[in-house]
Structures are given as structure tokens and as C-alpha cells.
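Colleague: If you read the protein sequences in the order shown, they are chains A and X.
Per the working numbering, the very first residue in the first sequence carries number 1; after that it's consecutive.
Per the working numbering, the very first residue in the second sequence carries number 390; after that it's consecutive.
Note that CB positions come from ideal geometry on N, CA and C, so glycine has one too.
Here the structure is a predicted model, which means the values were calculated and not measured.
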Amino acid sequence: MMASSYNAKDEDGHITVTGPGGGTLRSKKPENTAFKQQRLPAWQPILTAGTVLPAFFIIGLIFIPIGIGLYVTSNNIKEFEVDYTGVDMSSPCFNCSQNFSWNSTTPCTCTIPFFLEQPYESNVFMYYGLSNFYQNHRRYVKSRDDSQLNGDMTSLKEPSKECEPYAYHDNKPIAPCGAIANSMFNDTLELFYNDPNGTKVQIPLTNIGIAWWTDKHVKFKNPGAGEANQNLTAVFQGTTKPLNWRRPVYELDAAANNDGFINEDFIVWMRTAALPTFRKLYRIIKSPSNGMMPTMPRGNYTLEVVYITTMSKNLGQNLFNQLNPDYPVRSFEGRKRMILSTISWMGGKNPFLGIAYITVGSVCFFLGVVLLIIHHKCGNRNNSADISN
Amino acid sequence: MGLVASFFGQLCGKEKKPEEERHLRANDRSFNLTYRYANNAIKTSKYNILTFLPRNLFEQFQRLANAYFLFLMILQVIPQVSSLSWFTTAVPLMFVLSITAVKDANDDIKTEKVDFSWNQLADPKFVFHDHSLLETVKQGNPDAQAFFRLLALCHTVMPDEKKEGELYYQAQSPDEGALVTAARNFGFVFRSRTPESITVIEMGKQVIYELLAVLDFNNVRKRMSVIVRSPEGKLTLFCKGADTIIFERLHPSCKKLVEVTNKHLSEYAGEGLRTLALAYKDLDESFMDEWKQRHHEASTALVEREEKLDELYEEIEKDLLLLGATAVEDKLQDGVPQTIEQLAKADIKIWVLTGDKQETAENIGYSCNMLREEMKEIFIVAANTAEGVKEELENARRKMSSSSADKPSVIKARAGLFWLQKTETVQDEKVDGEYGLVINGHSLAFALEKDLQLELLRTACMCQTVICCRVTPLQKAQVVQLVKKYKQAVTLAIGDGANDVSMIKAAHIGVGISGQEGMQAVLSSDFSFAQFRYLQRLLLVHGRWSYLRMCKFLQYFFYKNFTFTFVHFWYAFFCGFSAQTVYDEWFITLYNLMYTALPVLGLSIFDQDVNDRWSFQYPQLYTPGQLNQYFSKKAFVRCMMKSCYSSLILFFIPWAAMHDTVRDDGKDIADYQSFALLAQTCLLIVMSIQLSLDTHYWTAVNQFFVWGSLAGYFAITFTMYSNGMFLIFTSAFPFIGTARNSLNQPNVWLTIFLTSLLCILPVVAFRFILIQLRPTINDKVRHKMRNEALPATTKHVHVRRISTRRSGYAFSHSQGYGDLVTSRKFLLKIPVRTRPALFTETDSPLAQNQPQHYRTITEEPEGSQSP
């Protein structure tokens, strides 16, 4: 052993110096420990054919079935999507999307009929989808005040600088402040089932349970949430609504547990999307309790998009998009969609993972074969070759 | 405090008058102190408590990286410019600065302690510890006594007794000194000499011999003799010399003894020891008188004096009686030839720069296997004019390669930061066979001139071995500079003496050997150790590991940060080029600082592809480092391409997997925060696996660091995204709930798994293919390591050259000292000859001007006596 051979010779050359006081200065000899002498026991794996090739085959064999499973699952998810932006003249929503034709006294509603070819079982989720909407823009993402949204009274009255230029309006603090809140989605979507016998039945939509539990219960709180007999109108006294909103935040919903900052539509909107094309959960269509009927049977349906008309009377002089009846996306070539979807254990419909797993698994298997051939042809020759001295 | 005082002095604009005289009183400390002269305490520590912070910070910000990050931090304070919070740069910068500051402070405190020890160091009694002089006095037969008496008398050593009992021997060769010392240790102390007498203390009794003649050494005679008269009046001739020469002159009665001695001599020569045969002869008075007369005539002859003297010597040095033989172990330290052989195998070119004279240097060259007898030719450049040197160098070059061009081929290039540095490199030339070059200091002075230096470099680089002897300290540094400048090679200088300091400082790496030569070399070196042979461990083991670790560290560091950055580049296309970060700000802060710091630290502390014994077994493992193979511009580009690929996977797989998808309860998962968490988790796992792939040596610490960092990441992430942190620091931790809500989704984990695999698989496949098709030496040794037992330790058997020359005596002696000791000249003050330091030879021979205080008897001389 190398180290022991050194030990035998250790005394040579190592000078022990004796000071005048007779004290011996410490020797500089490094300690003979496994750590200091770099002899710690270690596992030294190397890439051999015995480990690499089986790994490739096993990964291939595992990935392909997983991929098939994922693909089948994704395929079984039913999804229906309809674009209601109203870009074409023929589109029913064309009129409402044009600001000039809109008369502020009458509500603008557009009706889009569609046909579901398959029945949708269990809970059906209704999403609105926006495209080309950069909710992930740096300055947009920053433009919010989490303290205010968490019910902090100080922040309610003095919104954070991050919210600028949507922090104050008319010297009043905006609640909720910031660009995200200001641009909240505000189209109202309604679904009707056209019975085979001709009647039009409105489908009940649930707007509770669409936001993350943590958001609803921890991240978002109304100011003065703990107090008894909380009156939201009083609490928000002295603040003003975001410029683009038609109603103040305390009038978002009639139900007290869904009003103010804890309104779930608002919470869902505030969870900004990672990508410019995104969908957000709008409503849930609960499956009927008897369980015999599909939630949405095969048949004809109608989507009615109602643009909010209850505008306050004194607005309209400063922001052009307030003249728009609908949620405006045409200025940036955006698109609006309504999506109906069922879900599975792996979430919504997305065939990518399944296809990717199948592909990667096959590639792995194929690579394994290639490596095996290479190893067979060249490996042995090279590794057994002697090392020239 | 002196520093502060002078600083204030300058501050106050006090003008300093040139100091013309100083008033001091010997041994009057209190008087002298009134003048406030600078004291002579050594001070190498940089800071004191007051100056530490500003000075240390100033020094740290002189480093480009730190200044850059300071600039970045300043930029981040401006909200319009920055995409990140101030803490993302501030926290890591403070961390690095404080760590460095602690290290600097610690170093400085240590330096101060050293200062303190040196300031004592001025004690006259400061001597080496080993006083145990082995006093073995042989009793008994007269032959043994005659043996040591001969050693005490027959030499040209000068004694110097400055104090009672403290003898300094000045010998012309180390062997001489060793033999006289051996005699002394055996009770025959050579005490003093005059031109006519030699005083020896024999077994405690002072005996004065009358010195009648010294029959000096020369290269033909290869022996020396003295003729002395003992106090009893007995005339004796003592002779020592090369065995072959002595054996020719023996009395036939010695035949039996010769046989035994011959056998011993062969053994010694086989072990590489330098041998001498000893013989004596009693003379009778009348013969002596007559011989002396003739000797006087011959030595005063005007013509053919040398021949006549030789004839006379020849006449008296015959019918000798053999006493025995001596063998002197090489003064080389243990393992020098092996080390040199190992280093040569590692393709390290070794040049010896020594102050020794040519014969000694050559001799050492032979004994440490640098000069070999199977070499085609050994060129000796010893001209005294520039033209002569030029001619000799050119001749040597032509002989080695007849086709070699007149002009050296110099390649001009640019290197360094921004290619600002101009370089000139002299190309290597091909030579068949091995050659050696010995050049002396005088010629070297000419050869180092501007017009000849390239010629010298060319010729020297064609030779396997280059020995420069009689070199001054300045020339040593010049040679190093020459090689540095025109070979673009990394140079290492190793030496033990004060005259090696300039060379140690000139070379890239300076190594000092601590030993008997004092501490100057050690103090000016980067590394120091006690034995030359540790050089092979320094280079072949630790140096190699260090290079490997550094390269792996750099590659990994570039890889992980390039990948990190490239992901942002891809994301820019999806966030309107708004510089939105993909990752959480806290992740950005902690990524380099915590999550990926320890594993790579573990790698750079512990990693070894091949352990020390295999590194010794295959010194050629060292060569990739010399060719810069592990980290070069090419490797850098490769690293960037790999990062590019990884970042594409790391962004687009999560992108595709999360695009328009939802959780298993229909809620949002494609939101920015979940996506950030997914992307950063993928990145960190890929980085951990990549590090694991790079780690060749998995100690428990490495395991702990890798798993610990991953576990730490999840622990810290869950903590930062917890309700508590959000409620306390609402604006700092907006990611509340993200970890809980997205890491419980199967598709998130499937995405992480897929991403990691896609990043790692090509790397594994590529490495495997390389190992199969073009295995490097490292791969081969690692493969061997797996299948074979550890190689035995380096053999300590003395596999020295099997020499055809049995006696090295001739090589360490020179003529003329006999005249010196019999003349009166030496009684005058001889300037103290400092021993020239030798590049490879570090144990100082006894010849130097140093008291004989260390144990020598057991190791150095080996006396063989007649039975």
C-alpha cells in the first residue's frame, strides 16, 4: 500500500524544530486519515456493456406500455371546443365584438349552437380559452399586490408600487390593484341543452370549487375577514374599482363566500398562465346525482355569450375598451374559446405525454440494439487491448 | 502600527527628508527605541483589525467576477431594468464575499503566527534535532584500524574547527567527505592538517603524522596516495583508488583477499554504489630518502614534469597490500531515478540545472538514470566563445537530425483573454534515438543571449536529457523563462537551496524541498516537501486529480449555468420577450448557492478516475493534461452544445406536456407558478443526474451531498411555498401552495421523468459508444481496475543502472587538490565556498560547509573489511 510505504519513511526529512524555549513546533505532516489522504472508500461505477445495454432495453420496455396507457387515457377524454371570438362576418358573435354597432342600453348576446356527438359522463368542466394573451409578460405578472389580496388593510389603502399605473384612480386606491386584476375576463357564458322535443333547458353551472384550495383559503382573503358581520361594501369604502371593471369587487357575486377578493372567477384569473395560449376553468357541470344519465347526453346545445351591460353611468370618457361590450381580444389578434372537457387521472386531454413516452421507449430500445451491435463488433477488441507503456 | 503611523504621516503631508545617518548604541535598547526606527520584525501579514474590511473588500472587487456581480446587483436595484428582485444577486454575492473574507482573515492570522515564529527564529542554538551520533568504535585487529586510519589520512579534505569539538570538513567531493566522516565516526578523527603534518585522534589519542608526500589524483591514475611517517617513525604509503587500478598493483600475497573483495565490489556496483579499493604499503627509510630526492627533482623539472612524476608514482605504488574496499551510497535521495523514470513516462521533459561542476553533474545524471549508456550520444557544450557555442549546438543538432532546417520554425499565435496575448512557439523536431546534452554555465551564458537562445532551445528540446551545470541562480531563472516563452509549456521548478529561489519563482509551479539547505526555497515555493520522490505523487496523483477535478468542475459549472440560461432564452419566445424568468426568484437565488453547490464541491474534492496506485502504474495517464484535453475551447463548445440540447428538452418537454392541460380535478396547472416549479424541478434533477454521471468516485460524502441537495431542494421548496412563509412574508413568497398542488399530479412526475431521461440518455449513449470505439487511456485503466487486483506498491528495490563502470570515483574527483593541501596557500583565508544547488539532488553531500551533526554512519558509507 502506498501510504504505508510512506509511513516507513516518514521521519526522513521531516524536521522537528525546537524553539529556544524548548517547545516543539507542530509538524506540518498531514494526518494519515482516509479523508486527508484521499483514500475514502468509494463506489466506482463505470459504463460497461453489462449495465448500459440492459438499462436501455429495460427503459424501452417500461416506457412503451406507459406511453400506450397514457395515450389511451388521453384519447378517452372527451373534449369539445368552440371559438366565439367573432372575427368572421358570418359568426354570430361578430356584431357584439364590434364596438360601433353596440347600443349601450340593450344587452349584447350571441348564440352559438353546437352538437355533441358523444355523451359526456361524470363531471364536465367548462373552460374559457384565450390565445395570444401574454399573461406571462414580466411587467404584467408583477402588477399585483399580494398583501392587498390577502386582506391587508394597509395595502388596501396604499397599494404597492408594483401595481402602477393601476394603483390609484382619482386619488383613490384601486382594489384590487394592478394590471392583472384590471384585465379580468368578464364574458358570461351560458349553456343550453336543446331537448329532442324542442325545449331549451339551461344547464346548471357551478362556480364554486374552480380555484385551488390554497388560493381560496390562504392566499386570498377579504379585508377584515375575521370580523363578525363583515360588510364588504363598508370594508372597501374609500377604494375604487379597477378601471375596466363594470362592477366593484364586492359585487362580483351574491354569495358572501364567493364575493370580494375570494370570488373564484377572480382567483382563477389572478393565477396567471405560463403561456400565451391558455385555458381557465370557468364552471363545472356536476354529474346528475342519480348517475344513470350522462351529464351531457349526445345532442344539440347552445352556447350563449352574454356581454355584461350593467355599466356605471359616468364611465366611458377615458378608456376606449370600455366601449367594447365583450372582453376585447381583437386588438392583439387574440382568440376566445369555450371548451367542454371531461378529465381522467392524468388531467385533461393531452396526447403529447403518451406519444412522447412511446417514441422515447422505442428510441431507447432501438439505441439498445445499436449499442449492442457496436459493443459486439468493437467493444471487446478495444477493452482487452493492452495499454501501451 | 507602523503602517498606520506612516499612513497618517503621508496624510498630513509630512515631507520625508532623506535619512543620512542613524544614531544607535550597541546593546542599549532603551536608547535606540527613542528614535523610533523601524524594527526588524518580519511582517508578511496583510491586514490588521481596522484595515481588514475595506482592504479585503477592495481586493475582492478587483477580481473580475466579483466586480461583475457587484455591477449586476447595482443594475438589479433599478426596477425598470431588472427582471429579478435585488436578493437574487445580493445573497450569493454576500455569501461568496463573506466566505472569501473569512478565508483571507484566517490565512492572515496564520501568516502572523509564522512571522512570530521566524522572529524568534534568530537563535544561535537553532540546530537540527537529531544529535544522536552513532559512535561505534571498532576494537580489534590492526587491519581494521589501518582501514580507518587510511580513510582519516589519505584525502584532501580541509578541516575547520571553529569551536572545540565542532568540526567542519570541506571536501572536494562528497565521497571524500563521507569517507573521512566515516573514519571519524569509527574513532579515527581527522582533526587538522598543515602542509607537513596531519593530526588525527585515534581512539581518543592524538597522533600527529608527518606528511611526506601526496600523490595526487588524476583521471589517468584514478587513485591517490599519501606517504606519512607515524610518531613511531614508521613510513607508510596509503593508497585509495578505482578497484581495477589498485588490483593491478597489489602484492601477490593478497590474491585470496582480492577474490573476496572483488565479489563484494560487484555487489556494491550492482546496487549503484560508488566503490573504492584501499591498500597500503610499508616503506623503508632508505628507499624513501632516495625516492624523495628523485621526486623533488621531478617536481622541479622544467620539461615533461608530469610524465616524470607519473613514472615515480608508478614506481612506488606497487606491491601494495589490500585493506579492503569502500562503497559510498549515492547521495541521491530515495527513489530519485524511479521518479525521473516515471515522470519521463508521463511525457514530462526534465532539465537539470545545477551549480555543480560538470563531472559531478554528469555522474548524478548517470546515477539517476537521466544519462544512459545506451544513449546514442551525449553532447557536451563547453565552448568559451559565442561562436564556439553556436557551432557546438549546431553540430549537435545536425547530428541528431541531418534534415533539420537552419531556421527554427516559430509559430506565432494569440492566446489568453480576448486573444490579447501574443505567443511564439518553437516547434518540436523529430529525432531518432536518444541523445543527451550537457552544457556548462560559461557556454550557457552565451547560449542565453538573444541570438542564440532559440538555437539552444531547439537543440535542447531534441535531446532526451538536458543538464546545465555550473549555472548561476539568474541563469536558472533565465532558462525557465526561455522555456516558458518559446514552448508555451507549463514549467515546474524544484530545488532545495537559496540559489533555486529565482528559478522557483520564475516557473509556473515552484516546489521547494525542505531539508538541510535552509528554508528559502520552501518559503518561496507553491508546494514543499521533504523528498524529491514525492514529486511523482504531487504530479502524477494529486496534480492529475486536481486537473481532472478542476476540468470537471468547470465543465459542470458551465453546463449547469448555460442550461439554466438557455431555458430562459427559449421562454422569451413565449413571454413576449419581456425577460420574464422561467424559475422562481428564490430558485434563481439558491440554485448556484445551495441546490447545486455541495454536490459539485464533493466532486471537486473527492473525485478520482483512477486511484493513486494505478496512477503510478500508468504515468501516461498524465499526458491528457499536458495536451489540455479535458478543458479546452473545443470542450467548451461541446459543453455549450450539450447545454443547448438540454435546455431545449428542459423547456419544450414541460411546455408540450403542460400546454392546455389541467389537473386531475380540472383545475389550473398550466399557470406560471406551476410551470416554474415543474421546470426548475426538472432542471435540478437533470443537473443532479448529470453530476452523478460525471462522478467517478462515489464516497459516502458524495452520496450525502447529492441526495442531501435534492432532499434539501424539496424541503426548502415546500417550506417557501408553505402557508406560514406566505403569511409572514407575503410579498416575498407568492408561490404559496404551488408545490402541494402540482407535485401531487402524476403527469407532473411523468414529465419530470421523461425530461430527465431525454437529457441523460444521449450522454450515456455517447459516452458508451466512445468507450467502445475509441477508449481513452483512462477508460482502459478503469476497465483494468475493475477486473484486476490493485498493482503492488512501487517497488523499493534499488533497480539502478547495471553499470559497466564499477567505480564512480573518477567522476567526482578532480586533480590539483593534492598540490593545494601541500602548499601553504590554504592557510590563508579561503573564501567560503557555498555549495551549488543541484536540481535533482537534494540531500546535501557532506562536502558542504556544515557541521557534522547528523547521523551518517548507518546509511552512507559502507565499509568492507578484510576478514
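#1: For the alpha helix (DSSP H) containing M462 of chain X, name the first residue and the last one.
#2: Looking only at its own chain, which residues have a Cβ that is under 7 angstroms from the Cβ of D983 of chain X, when we skip the five neighbours before and after it?
#3: Distance, Cα to Cα, A167 of chain A vs R247 of chain A?
#4: In the structure shown, what three-state DSSP assignment does G1016 of chain X receive?
#5: Check whether chain X comes within 8 angstroms of Q230 of chain A, counting only Cβ atoms and requiring the distance to be less than that.
#6: Would you decide whether T33 of chain A is buried or exposed? Buried here means 16 or more other CB atoms lie within 10 Å of its CB.
#7: Can S891 of chain X and K865 of chain X be called in contact, C-beta distance under 8 angstroms?
#8: Which of the three DSSP states, helix, strand or coil, is assigned to M699 of chain X?
#9: Give the secondary structure of V1152 of chain X by DSSP, where H, G and I count as helix, E and B as strand, and everything else as coil.
#10: Identify whether K738 of chain X lies in helix, strand or coil by the three-state DSSP scheme.
#11: Can you check whether the C-beta of C378 of chain A is within less than 8 angstroms of a C-beta belonging to chain X?
#12: Give me the Cα-Cα distance between N150 of chain A and K221 of chain A, rounded to the nearest whole angstrom.
#13: Determine which residues share a DSSP beta bridge with I1058 of chain X and list them.
#14: May I ask you to report which of helix, strand or coil DSSP gives H375 of chain A?
#15: Determine the chain X residues that contact N257 of chain A at a beta-carbon separation under 8 angstroms, and present them in chain order.
#16: Using 10 angstroms around the beta-carbon of T423 of chain X, count the other beta-carbons present and answer buried if the total reaches 16, otherwise exposed.
#17: For P1164 of chain X, which residues of its own chain have a beta-carbon under 8 angstroms away from its beta-carbon, when the five flanking residues on both sides are left out?
#18: Which residues bound the beta strand (DSSP E) around Q810 of chain X?
#19: Considering only residues of the same chain and omitting the five flanking positions on each side of V647 of chain X, which have a CB-CB separation below 7 angstroms?
#20: Can you name the residues of chain X whose CB is closer than 7 angstroms to the CB of P276 of chain A?
#21: Counting pairs of Cβ atoms below 8 angstroms between the segment 953–961 of chain X and the segment 443–461 of chain X, do you hit three or more?
#22: Helix or strand or just coil, what does DSSP make of E550 of chain X?
#23: Span of the alpha helix (DSSP H) holding D532 of chain X?
#24: Between which residues of its own chain and T728 of chain X is the CB-CB distance below 7 angstroms, once the five residues before and five after are set aside?
#25: Counting only beta-carbon separations shorter than 8 angstroms, does I374 of chain A have a partner in chain X?
#26: For W1087 of chain X, which of helix, strand or coil comes out of DSSP?
#27: Name the chain X residues that come within less than 8 angstroms of R337 of chain A, Cβ to Cβ?
#28: Roughly how many angstroms separate the alpha carbons of L156 of chain A and A1121 of chain X, rounded to a whole number?
#29: Going by beta-carbon coordinates alone, are S131 of chain A and T277 of chain A separated by less than 8 angstroms?
#30: Any beta carbon of chain X sitting closer than 8 angstroms to that of I262 of chain A?
#31: Taking CB distances under 8 angstroms as the criterion, tell me whether K280 of chain A reaches chain X.
#32: Can you list the residues of chain A that P1013 of chain X reaches, using a CB-CB cut of under 8 angstroms?
#33: Compute the beta-carbon to beta-carbon distance between V869 of chain X and A896 of chain X, rounded to the nearest angstrom, for a pair I have assumed lies under 8 angstroms.
#34: By DSSP's criteria, H169 of chain A is part of a beta bridge. Which residues make up the other side?
#35: What residues of chain A sit near W1087 of chain X, judged by a beta carbon separation below 8 angstroms?
#36: For chain A, is any of its Cβ atoms less than 8 angstroms away from the one on F1115 of chain X?
Modeller: With the given structure in hand:
#1: The residue given as residue 462 of chain X occupies position 73 in the second sequence. Segment L453 to V466, the alpha helix (DSSP H) holding M462 of chain X.
#2: Residue mapping note: residue 983 of chain X aligns to position 594 of the second sequence, counting from 1. The question names Asp, but residue 983 of chain X is Met in the sequence shown. Cβ neighbours of M983 of chain X beyond the five flanking positions: G1101.
#3: Locating residue 167 of chain A in the first sequence gives position 167, counting from the first residue. Locating residue 247 of chain A in the first sequence gives position 247, counting from the first residue. When rounded, the distance between both Cα atoms is 17 angstroms.
#4: For the purposes of this step, residue 1016 of chain X is taken as the residue at position 627 of the second sequence. First, the residue type needs correcting, since residue 1016 of chain X is Leu and not Gly in the sequence shown. Here L1016 of chain X sits in coil by DSSP.
#5: On the first sequence, residue 230 of chain A is found 230 positions in, with the first residue counted as 1. Closer than 8 angstroms: no.
#6: In the first sequence, the residue the question calls residue 33 of chain A occupies position 33. Around the Cβ of T33 of chain A, a 10 Å sphere holds fewer than 16 other Cβ atoms; the residue is exposed.
#7: Within the second sequence, residue 891 of chain X is the residue found at index 502, counting from 1. Within the second sequence, residue 865 of chain X is the residue found at index 476, counting from 1. K865 of chain X sits close to S891 of chain X, with the two beta carbons spaced by under 8 angstroms.
#8: Against the second sequence, residue 699 of chain X aligns to sequence position 310. At residue 699 of chain X the sequence reads Asp, which differs from the Met that was named. Residue state, collapsed to three classes: helix.
#9: Here residue 1152 of chain X refers to the residue found at position 763 of the second sequence. The answer is helix: DSSP assigns V1152 of chain X an H, G or I state.
#10: Numbered from its first residue, the second sequence carries residue 738 of chain X at position 349. K738 of chain X carries a coil assignment under DSSP once its states are collapsed to helix, strand and coil.
#11: Here residue 378 of chain A corresponds to residue number 378 of the first sequence, with the count starting at 1. Yes, contact with chain X.
#12: For the purposes of this step, residue 150 of chain A is taken as residue 150 along the first sequence, with counting starting at 1. For the purposes of this step, residue 221 of chain A is taken as residue 221 along the first sequence, with counting starting at 1. Computed Cα separation, rounded: 5 angstroms.
#13: As a first step, residue 1058 of chain X must be located in the second sequence, where it is residue number 669. Within the DSSP bridge table, the entry for I1058 of chain X names no partner.
#14: Counting from 1 along the first sequence, the entry for residue 375 of chain A is found at position 375. Looking at H375 of chain A - three-state DSSP - the assignment turns out to be helix.
#15: Taking the first sequence and counting its residues from 1, the one referred to as residue 257 of chain A is at position 257. Those do not exist, as N257 of chain A stays about 18 angstroms from chain X at its closest Cβ, beyond 8 angstroms.
#16: Start at 1 with the first residue of the second sequence, and residue 423 of chain X comes out as number 34. The C-beta of T423 of chain X has fewer than 16 other C-beta atoms within 10 Å across all chains shown, which makes the residue exposed.
#17: Walking along the second sequence from the start, residue 1164 of chain X turns up at place 775. Residues H1172 of the same chain have their beta carbon placed closer than 8 angstroms to that of P1164 of chain X, with the five preceding and five following residues left out of the count.
#18: On the second sequence, residue 810 of chain X is found 421 positions in, with the first residue counted as 1. Start and end: Q810 to V815.
#19: Position 258 of the second sequence, counting from 1, holds the residue named residue 647 of chain X. Excluding five sequence positions before and after V647 of chain X, the CB atoms of its chain that fall closer than 7 angstroms to its own CB belong to F636, L639 and L711, given in chain order.
#20: Along the first sequence, read from residue 1 onward, the residue named residue 276 of chain A stands at position 276. Going along chain X in sequence order, the residues near P276 of chain A (Cβ under 7 angstroms) are F963.
#21: Output reads no: the segment 443–461 of chain X does not touch the segment 953–961 of chain X.
#22: What you label residue 550 of chain X is simply residue 161 of the second sequence in a count that begins at 1. Three-state DSSP puts E550 of chain X in a strand.
#23: As a working note, residue 532 of chain X is residue 143 in the second sequence. For D532 of chain X, the uninterrupted alpha helix (DSSP H) run begins and ends at P531 to L542, by DSSP.
#24: The count along the second sequence starts at 1 and reaches residue 728 of chain X at position 339. Contacts found: F921, R922, L924 and Q925.
#25: Counting from 1 along the first sequence, the entry for residue 374 of chain A is found at position 374. By this cut-off, I374 of chain A is an interface position.
#26: Position 698 of the second sequence, counted from the first residue, corresponds to residue 1087 of chain X. Under the three-state reduction of DSSP, W1087 of chain X is assigned to strand.
#27: By 1-based counting over the first sequence, the position of residue 337 of chain A is 337. Close partners of R337 of chain A in chain X (Cβ separation under 8 angstroms) are lacking, with about 10 angstroms as the shortest Cβ gap.
#28: Reading the first sequence from its first residue, position 156 is the one you call residue 156 of chain A. Reading the second sequence from its first residue, position 732 is the one you call residue 1121 of chain X. For L156 of chain A and A1121 of chain X, the distance between alpha carbons rounds to 18 angstroms.
#29: Against the first sequence, residue 131 of chain A aligns to sequence position 131. Against the first sequence, residue 277 of chain A aligns to sequence position 277. Less than 8 angstroms divides the Cβ of S131 of chain A from the Cβ of T277 of chain A.
#30: As a first step, residue 262 of chain A must be located in the first sequence, where it is residue number 262. No, because no Cβ of chain X sits closer than 8 angstroms to the Cβ of I262 of chain A.
#31: Looking up residue 280 of chain A in the first sequence gives position 280. A Cβ of chain X is located within less than 8 angstroms of the beta carbon of K280 of chain A.
#32: The count along the second sequence starts at 1 and reaches residue 1013 of chain X at position 624. Near P1013 of chain X there are no residues of chain A at all, since even the closest Cβ is about 14 angstroms away, more than 8 angstroms.
#33: For this step, residue 869 of chain X is matched to residue 480 along the second sequence. For this step, residue 896 of chain X is matched to residue 507 along the second sequence. Sure, about 5 angstroms apart at Cβ, within 8 angstroms.
#34: By 1-based counting over the first sequence, the position of residue 169 of chain A is 169. Paired residues: A:K172.
#35: Walking along the second sequence from the start, residue 1087 of chain X turns up at place 698. Think of a sphere of 8 angstroms around the beta carbon of W1087 of chain X: the chain A residues whose beta carbon falls inside it are A42, W43, Q44 and P45, in chain order.
#36: Position 726 of the second sequence holds residue 1115 of chain X. Interface residue, yes.
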